[in-house]
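Contents: one structure, followed by commentary.
There are 2 protein chains.
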Amino acid sequence: MKVTLKTIAQEAGLSITTVSRALAGYDDVNEATRQRVIAIAKRLGYQPNLAARHLRSKQTHTIGMVIPLTSYYSDPFFMELLSGVGRQAAEYGYDLLLSAQQPGEEELIAYRRMVASSRIDGVIVARVWKDDPRIALLREVQHPFVAFGRSNDGNYPHIDVDGLSGMLQLMRHLVERGHRRIALILSPANLVFTAVRYQGYVQGLAEAGLPLRQDYLVEADLSQEGGCAAAQHLLALPDPPTAIVACNDTMAIGALEAARARGLKVGRDIAVAGFDDIPLAAYTDPPLTTVRQPIYEIGRRALDMLIRVIRREPLQEPHVLITPELIVRQSTGGASPAGGQVRV
Amino acid sequence: MKVTLKTIAQEAGLSITTVSRALAGYDDVNEATRQRVIAIAKRLGYQPNLAARHLRSKQTHTIGMVIPLTSYYSDPFFMELLSGVGRQAAEYGYDLLLSAQQPGEEELIAYRRMVASSRIDGVIVARVWKDDPRIALLREVQHPFVAFGRSNDGNYPHIDVDGLSGMLQLMRHLVERGHRRIALILSPANLVFTAVRYQGYVQGLAEAGLPLRQDYLVEADLSQEGGCAAAQHLLALPDPPTAIVACNDTMAIGALEAARARGLKVGRDIAVAGFDDIPLAAYTDPPLTTVRQPIYEIGRRALDMLIRVIRREPLQEPHVLITPELIVRQSTGGASPAGGQVRV
DNA sequence: ACCTTATTCCAAAACGTTTTGGATGTCAAT
DNA sequence: ATTGACATCCAAAACGTTTTGGAATAAGGT
């Protein structure tokens, strides 16, 4: 049998109102009565019906997140972010509602459903696109949200990593190692961070007085397979690059694969670098030089911000920009400059 | 402004009932009327209030999962399972409610809250304990659930991997490679799979006519640090093992670390093996020999089963037992028997 | 003209909670 | 005895949906 406020009220000989208020801690109920109510509630194992509570109070204590069903396997970026968000949500007593969706139309529908069906108090948007319709939607209906990534008009609460700075650090590292022919595997053009990282790449080339070569730019879809194919293409050029930078680690791992398949020893014959520093990056063969985005931490901070937005507290810092850290590993010749000779 | 059934009803000059029934597809509403209602609903961007719907219909189309907040980083096992469950849930149009909790008392409270607050239709329980109170709870209140792992009394819908068979395959592999001194890093004793894998270890020793040595058994907490400490202890023995098997990959990775720190080359000086085949296992240095649990697939199947339980359809196979596959990599000397000489 | 059957609609109840706006009783001060 | 202040309680409304049990009308069969 379901135990509701009514059950307790009958048991205690009180009204539903009083039971509700006793449990909610209002001070217009006698302390002795309250204790009695609490005791009965405990004895009966009362658990409030959250659907009813949400319906009435319009607060769900739930945060929504939509994760794209990209590949067969889980996207390490999202898993990492998810665990950061989940961790911090637990801290505040919030739960997480996830909807896994095919990217595109369905994904947008999922957002619409989430925000309009009043099942969540706020939502975290990750991997922002240019002119992101999800953000347009959330702003239009004024639903609390925090984004990981800033869109064209970044005038909403967000947290982001300075991709330009990160990519620039990486380019300087490669130039210092003697590389003159550096290729870039781009992520899809509709993602905001692609443009930013590309800018870092361009700036890095300019600083070193290197030309920007169109044939050294290939776009792929963030996946390992995509990265592998892109790298194969680059390595098959008549004048192949000595270093390949990928816009995320997963594609960089694909590039490692492509290089190995071609009989090249990464770190000696060719340099490969990624972006993100997913957990796997430290364990690839050879370990991957990359730019560390503290994704887990970002998840936690994004949730902190979101809670404030939900509570309508002012954000002391509505636009957070984190400077990422370059992590040098063996895939670009290792930490010691001695490993830096490149076959040209 | 919130658009509800009432809004549509007014707009269409109909009752709330008719609008509700029109949208729900009942056949006691005129087709022309239905089309009109649908058009208005679409134009107004109607989204049903799910809290209200759940309250009334007692169906939430949501699956619950509690994930333990163990270490700072995310547990790859859970992430993998989560993505399998999430993927399949999306297939059925279900969402996922996650609650991240400290293991122990709080975790049980989270389960209690989830099931009693009628916010979810069913729950997936992972990493089952002996005499698992979560399962006791779920059975007591007769709440739909499917477990990954079987408890003492496995008389409930579950899916499991045959840990005994897996461990036995691994032991045979090591024995065949010439190992006579094989140690085991145990997972916590309250986990069911610990006992099963231990049994496989014991049986493996017996088959090879090897003694069961107490000093070759160390328990650790599933974490990388725990595995590292356990391996350090084993390697410091006066008569150290030539092979170390860990009850999961994460601990095995810790063991790799410990061996490396001691100056041993894993795969030549010592063999290390794990259990799970998490994505990382293929990328460790050297790549880890392990027993593959198809966690993602298991997540999907578990969800399939759960949906059936929720719909009160009979399960054609309430207890699924999957035979895992041995994955031989370099950490035990590689695929070729030539790599199998061990320093004894 | 009358009964039956189908079709199309709806009022009202119910789900379990929170909140509003008092009601009731007590006690001290006038 | 009346007033005001306070402490303690509660009836009823509201949240937005689904479902029950008809009502109203039209059509068809005698």
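Chains as they are written, first to last, in the numbering used here: chain L, -15 to 328; chain A, -15 to 328. In this text, a Cβ means the ideal position worked out from N, Cα and C, and glycines have one as well.
| Item | Value |
| --- | --- |
| List the residues of chain L that A:Gln43 touches, going by C-beta distances under 7 angstroms, in chain order. | What A:Gln43 touches in chain L: nothing, since even the nearest Cβ is about 10 angstroms away. |
| Based on DSSP bridge pairs, tell me the residues matched to A:Gly48. | A:Leu81, A:Val107 |
| Does the Cβ of L:Pro117 have 16 or more other Cβ atoms within 10 Å, making it buried, or fewer, making it exposed? | exposed |
| So what's L:Glu297 in DSSP terms, helix, strand or just coil? | coil |
| Check distances from the C-beta atoms of the segment 237 to 265 of chain L to those of chain A and list, in chain order, the residues that come in under 7 angstroms. | Pro263, Leu264 |
| With H, G and I counted as helix, E and B as strand and the rest as coil, what does DSSP make of A:Ala236? | helix |
| Decide if A:Gln86 is buried, meaning its Cβ has at least 16 other Cβ atoms within 10 Å, or exposed. | exposed |
| Any beta carbon of chain A sitting closer than 8 angstroms to that of L:Tyr95? | no |
| Going by alpha carbons, who is nearest to A:Arg134 out of A:Pro128, A:Ile143, A:Leu287? | A:Ile143 |
| Between A:Ile47, A:Val107, A:Ala215, which has its C-alpha nearest L:Ser83's C-alpha? | A:Ile47 |
| Quick one: measure Cβ to Cβ for A:Cys231 and A:Ser315, integer angstroms, because I've assumed they're closer than 8 angstroms. | The Cβ separation is near 15 angstroms, so there is no contact. |
| Would you call the CB atoms of A:Ile104 and A:Thr44 closer than 8 angstroms? | yes |
| What does L:Asn33 reach in chain A if we use C-beta pairs closer than 8 angstroms? | Leu39, Ser101, Ser102 |
| Leaving out five residues before and five after A:Val293 in sequence, what residues of the same chain have Cβ atoms less than 8 angstroms from its Cβ? | Gly106, Pro128, Phe129, Val130, Pro141, Leu299 |
| Strictly by DSSP, which residues pair up with A:Asp260? | A:Arg276 |
| Taking buried to mean at least 16 other C-beta atoms within 10 Å of its own C-beta, is A:Ile93 buried or exposed? | exposed |
| Quick check on this structure: which residue in L:Val50, L:Ala227, L:Gln153, L:Ala220 has the alpha carbon closest to the alpha carbon of L:Ala245? | L:Ala220 |
| Starting from L:Leu189, trace the alpha helix (DSSP H) in both directions and tell me its first and last residue. | 176 to 191 |
| Taking beta-carbon pairs under 7 angstroms, can you tell me which members of the segment 76 to 93 of chain L lie near chain A? | Asp79, Leu80, Leu81, Leu82, Ser83, Ala84, Gln85 |
| Just to confirm, are L:Met155 and L:Ile108 a CB contact at a threshold of 8 angstroms? | no |
| In the DSSP assignment, find the unbroken alpha helix (DSSP H) run with L:Ile119 in it and report its ends. | 117 to 124 |
| Closest to L:Gly211 by C-alpha separation, out of L:Thr226, L:Gln198, L:Ala257, L:Pro222, would be which residue? | L:Ala257 |
| What do you reckon, are the CB atoms on A:Ile254 and A:Thr234 nearer than 8 angstroms? | no |
| Spell out the partners DSSP gives A:His303 in its beta bridges. | A:His142 |
| Is A:Asp261 closer than 8 angstroms to A:Arg276 when the C-beta atoms are compared? | yes |
| Given 8 angstroms as the limit, is there contact between the segment -2 to 8 of chain L and the segment 18 to 26 of chain L, that is, 3 or more CB pairs closer than that? | yes |
| Could you check what DSSP says for A:Val130 in three-state terms: helix, strand or coil? | strand |
| Closer than 6 angstroms by C-beta to A:Ala243: which residues in its own chain qualify, once you throw out the five before and the five after it? Chain order, please. | Val250, Ile254 |
| How would you list, in chain order, the residues of chain L whose beta-carbon sits under 7 angstroms from the beta-carbon of A:Met331? | The requested residue 331 of chain A is not part of the displayed model; chain A covers only -15 to 328. |
| Shortest alpha-carbon distance to L:Gln208 belongs to which of L:Asp59, L:Leu(-11), L:Arg252? | L:Asp59 |
| So, does the CB of L:Tyr10 fall closer than 8 angstroms to a CB anywhere in chain A? | no |
| Using the Cα positions of L:Pro195 and L:Leu272, report the straight-line distance between them to the nearest angstrom. | 26 angstroms |
| Please decide whether L:Thr(-12) counts as near chain A, where near means a Cβ-Cβ distance under 8 angstroms. | no |
| Going by DSSP, which residues form a beta bridge with L:Ile311? | L:Thr274 |
| Helix, strand or coil for L:Val(-13), going by three-state DSSP, please let me know. | coil |
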